[in-house]
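4 protein chains.
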Amino acid sequence: MKVIVDLCLVPIGVGVSVSDYIVACQKVIADAGLEHSLHAYGTNIEGEWDDVFAAIKRCHEAVHAMGAPRIHTNIKCGTRTDREQSMRDKVESVTSKSGARKAPS
Amino acid sequence: MKVIVDLCLVPIGVGVSVSDYIVACQKVIADAGLEHSLHAYGTNIEGEWDDVFAAIKRCHEAVHAMGAPRIHTNIKCGTRTDREQSMRDKVESVTSKSGARKAPS
Amino acid sequence: MKVIVDLCLVPIGVGVSVSDYIVACQKVIADAGLEHSLHAYGTNIEGEWDDVFAAIKRCHEAVHAMGAPRIHTNIKCGTRTDREQSMRDKVESVTSKSGARKAPS
Amino acid sequence: MKVIVDLCLVPIGVGVSVSDYIVACQKVIADAGLEHSLHAYGTNIEGEWDDVFAAIKRCHEAVHAMGAPRIHTNIKCGTRTDREQSMRDKVESVTSKSGARKAPS
Chain A
0 MKVIVDLCLV PIGVGVSVSD YIVACQKVIA DAGLEHSLHA YGTNIEGEWD DVFAAIKRCH
60 EAVHAMGAPR IHTNIKCGTR TDREQSMRDK VESVTSKSGA RKAPS
Chain B
0 MKVIVDLCLV PIGVGVSVSD YIVACQKVIA DAGLEHSLHA YGTNIEGEWD DVFAAIKRCH
60 EAVHAMGAPR IHTNIKCGTR TDREQSMRDK VESVTSKSGA RKAPS
Chain C
0 MKVIVDLCLV PIGVGVSVSD YIVACQKVIA DAGLEHSLHA YGTNIEGEWD DVFAAIKRCH
60 EAVHAMGAPR IHTNIKCGTR TDREQSMRDK VESVTSKSGA RKAPS
Chain D
0 MKVIVDLCLV PIGVGVSVSD YIVACQKVIA DAGLEHSLHA YGTNIEGEWD DVFAAIKRCH
60 EAVHAMGAPR IHTNIKCGTR TDREQSMRDK VESVTSKSGA RKAPS
């Protein structure tokens, strides 16, 4: 089962600056070989269900290992059986109709 | 690694009434032997990470098998290494200080 | 426009114990006269859109005033035009079919 | 109070294809003059609290007016008092440390 996820992990108890922890998660996700893209409020990830959720678990383990005693994570997660759809397809299904402004790169 | 999750699964493409699908998910979670409680906008689940996320995957599989072609799910997920905390502890840490109104039962 | 919301506010930069901040938010919501109920991973709130979101803004203001330099909040928010539905109705539409375990009180 | 939001609106009861509704929301947000960027699982929006949440309310009104009887929305919402931070700053605080892959544009 293929899944598209939006992951937003918030370390708690380590002060206000959390970017080092997000960098570590990006590395975990990249090392898993998963398609992903960072935006201003999370990271989109695409892949097989088991691979994606194994990577999310490793993100929690990595952030705890860095010293964060508590983690709060939000996951949006979409599956569909009617057809294949990639992250890029989802964005294009909107921008092709609207000229919507996409995330900067 | 113990986790407390708030799960909110939304089947798409099956009309506005979704309670049959939520009932099916409740059964999946109960069959997994996981501590859980339903509220008006989701279900809290408590357990070992792998057990909880295996149950969430089975919820997606069950809802697709019932005919929903597309599913959108929100998961809030908390882990901590500083101490053990149950769902009941979390509620009581607030209500003991405030007399806050708890979910009806 | 009536709305049912699930609110989960996380103060950042104030350590791992956040219950005092949640207690303050419960008071803001109660003072607004909004129907609400606490669960282990948030608070369900029911009311008119403008009243509910004004209260959520006041929660942010109150938590910042208590000293939290940063806040991360999750909101699930449902509206419908086909019929009236309360938080209690939502829970009962599931429990009446399943005997699901509801949140403790 | 400045806010950065991640908005994900899901119309329910209108079938599996929801891109027309997302296009309508993009137009509402653009017409409000708010900085925003679309990604594969939502739209980041930046602005004053009242302006951003007024636009989100108009999105719900617009999507109901298009015929969706029910809407489920997820909002992640961040405020901070310690310093100003834009959506672009948030992405750059991570990418400058990691070479993380950003959302395509």
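Chains as they are written, first to last, in numbering that gives the first Met the number 0: chain A, 0 to 104; chain B, 0 to 104; chain C, 0 to 104; chain D, 0 to 104.
Yeah, the Cβ is synthetic: ideal placement off N, Cα and C, and Gly gets one too.
Note that this is a predicted model, so its numbers are computed, not measured.
- Closest by C-alpha distance to M0 (chain B), out of B:Q84, B:K89 and B:I28, is B:Q84.
- Per DSSP, the beta-bridge partners of L6 (chain C) are C:T42 and C:I74.
- Around the beta carbon of D5 (chain C), a 10 Å sphere encloses 16 or more other beta carbons of the protein chains shown; the residue is thus reported as buried.
- Annotation for N43 (chain A): D5, S36 and M86 place their beta carbon closer than 6 Å to its own, counting only its chain and skipping 5 residues before and after.
- Distance between G41 (chain C) and R82 (chain B), taken at the CA atoms: about 20 Å.
- Per DSSP, the beta-bridge partners of E34 (chain D) are D:E45.
- Segment contact: the stretch 48-57 of chain B against the stretch 47-62 of chain A, three or more CB-CB distances shorter than 8 Å; contact assigned.
- DSSP places R57 (chain B) in the helix class (H, G or I) of the three-state scheme.
- Non-local C-beta neighbours of K75 (chain A) in its own chain, meaning closer than 6 Å and more than five positions away in sequence, comprise D5, ordered along the chain.
- With contacts defined as CB atoms closer than 8 Å, V93 (chain B) and V22 (chain C) qualify as a contacting pair.
- Judged by DSSP secondary structure, V93 (chain A) falls within the alpha helix (DSSP H) whose first and last residues are M86 to S97.
- Between A61 (chain B) and I3 (chain C), the CB-CB gap reaches or exceeds 8 Å.
- Check the Cα spacing between V17 (chain A) and each of C:S18, C:I70 and C:C7: the tightest is with C:I70.
- The secondary-structure analysis by DSSP pairs I11 (chain B) across a beta bridge with B:R69.
- Nearest CB-CB separation between H59 (chain A) and chain C: not below the 8 Å threshold.
- Under DSSP, K1 (chain C) takes part in a beta bridge, and its partners are C:E47.
- Among the CB atoms of chain C, one or more fall inside 8 Å of the CB of L37 (chain B).
- With 16 or more neighbouring CB atoms inside 10 Å of its own CB, A67 (chain A) falls in the buried class.
- Contact with chain C is absent for P10 (chain D), since none of that chain's Cβ atoms lies less than 8 Å from the residue's Cβ.
- Cβ neighbours of A29 (chain B) within its own chain (closer than 8 Å, five residues either side excluded): H35.
- With the criterion set as a beta carbon lying under 8 Å from some beta carbon of chain B, the members of the stretch 74-95 of chain A are I74, K75, C76, G77, T78, R79, T80 and D81, in sequence order.
- Ranked by how close their Cα comes to the Cα of P10 (chain B), the residues A:T78, A:V15, A:V13 and A:E45 have A:T78 in first place.
- Taking a C-beta distance under 8 Å as the contact criterion, N73 (chain A) and C7 (chain A) qualify as a contact pair.
- The beta carbon of V13 (chain C) sits closer than 6 Å to the beta carbons of A67 from its chain, once the five residues preceding and following it are set aside; these are given in chain order.
- Under the 8 Å criterion on CB atoms, I21 (chain B) is classed as interfacial with respect to chain C.
- Cβ contact annotation for S97 (chain B) (same chain, cutoff 7 Å, sequence separation greater than five): none.
- Listed along the chain, the chain D residues whose CB falls inside 7 Å of the CB of D5 (chain A) are Y40 and G41.
- G32 (chain D) and G32 (chain B) have their C-alpha atoms spaced approximately 50 Å apart.
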